[in-house]
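*Asks:* The numbering of the sequence shown is my numbering, which starts it at 847 and goes up by one.
Backbone N, C-alpha and C fix where the C-beta goes; we use that ideal spot for every residue, glycine too.
Since we're looking at a predicted model, the values are computed, not measured.
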Amino acid sequence: GQVPPYLIGNLAHTQRVLGQFEAALEGLVQMRAALVQGGGDPRQETYALAGQAQVLLRLGREAPAQAVLAEAQALVHGLGESLYASSPTQTSLLMAEAQLHLAGQRWGQAQAVLDRVIAATGEAALRNSLPVLAHLARAEATLHLQGPVAALAQAQLALEMALQMQHGLPHTSLVGQAWLALGRLHQQAGRHVPASAAYAHAMQHLVPTVGAGHDQALQALRALQVLQAQHALHALRDLR
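(1) Specify the secondary structure class of His859 as computed by DSSP and reduced to three states.
(2) Could you tell me which uninterrupted alpha helix (DSSP H) segments, each at least 4 residues in length, are contained entirely in the region 961-1040, listed from first to last along the chain?
(3) Using three-state DSSP, classify Gly873 as helix, strand or coil.
(4) Given 8 Å as the limit, is there contact between the region 1055-1063 and the region 1032-1046, that is, 3 or more CB pairs closer than that?
(5) Can the beta-carbon of Gly906 be found less than 9 Å from the beta-carbon of Asp1061?
(6) Name the residue from Leu979, Glu1006, Ala1048 whose alpha carbon lies nearest to the alpha carbon of Gly1022.
(7) Grab me the residues of Ala1063's own chain with a C-beta within less than 7 Å of its C-beta, minus the 5 sequence neighbours each way, in chain order.
(8) Determine the DSSP secondary structure at Pro850, reduced to helix, strand or coil.
(9) Can you tell me whether Ala1048 is helix, strand or coil according to DSSP?
(10) Can you tell me whether Val978 is buried or exposed, with buried defined as 16 or more other CB within 10 angstroms of its CB?
(11) In angstroms, rounded to a whole number, what distance separates the CA positions of Gln1074 and Gly1036?
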C-alpha cells in the first residue's frame, strides 16, 4: 500500500531538523503529490507547500520559494474564513512568509509577520518548536532594526522557552539553536566571554542531537575557535 502523506511529512520534518534539506524538499514534494492523488486536502497541501518554501530558503533558492509560497497563499485564500488564525497551516505559512522577508532583508515586514506567529501560537507556546523558532527569527530582524542588545532579549526568551520544552532530555537541537543565536548576538555586541560560553553550550546540545557535521554545529565550533584564537592573540600581546 501507499505511505500515508502525514508519515512522508514527518520524515521530511526530521530530515529538515538534521540538515538534510534536499531529502526534506523531495519528501515534502512527495507529500503534496500524495495529497493531490488522494483527492486533495487544502490545509495539508498548504502545510506541505509552506515547508517546501522554508527548505528552499535554507538552500538559498529564494525565487522558487516565493513561487511555492504564492501557491500556498492561493490555497489558503480558497479556504476563506474556515481557517482560524492559530491553526498549524496558517502559522507555518506565516513562518515561511517571515523567512522570505528575512532572506530579502525586509526586516520590518519580517518582524510584523513574526509578531502574528507569536501571537497566534501563544496558548500552545510550549507544545512545539514553532514559537521558539519565531522568537529566534524575530531576534534576527530586531538585530537589524534595533541592534544586538535588543535582539539579545528576544533570543534569551527563545532559549528560556526551549529549555522549558526539554522535558527531562539532556540535550535538544532546539536549545542548541537558541544558544547559537545568543552566541552570535553576544559576539556582535562585543561580549566575547558570554559569546564563547554560548557557542560551547550550543555544541553541547547540537553535536549529540543532530551530529558534529551539521551546519549549525559547525558554525558554533568555528565561531568558538575564532574567539579562542583572538583571546590567545590578545594574551600574547599582553605578555609582550
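*Replies:* According to the structure data:
(1) Residue state, collapsed to three classes: helix.
(2) DSSP runs (the alpha helix (DSSP H)) wholly in the region 961-1040: 976-992, 994-1010, 1019-1034.
(3) DSSP places Gly873 in helix when its eight states are reduced to three.
(4) No contact exists between the region 1055-1063 and the region 1032-1046.
(5) The Cβ atoms of Gly906 and Asp1061 do not sit closer than 9 Å to each other.
(6) Its Cα nearest to that of Gly1022, the residue Ala1048 stands out among Leu979, Glu1006, Ala1048.
(7) So the list reads Met1049, Leu1052, Val1053, Val1056, Gly1057, once near-sequence residues are dropped.
(8) Pro850 falls in the coil class under three-state DSSP.
(9) Three-state result, Ala1048: helix.
(10) By the 10 Å Cβ count, Val978 comes out buried.
(11) Each residue's alpha carbon lies about 14 Å from the other.
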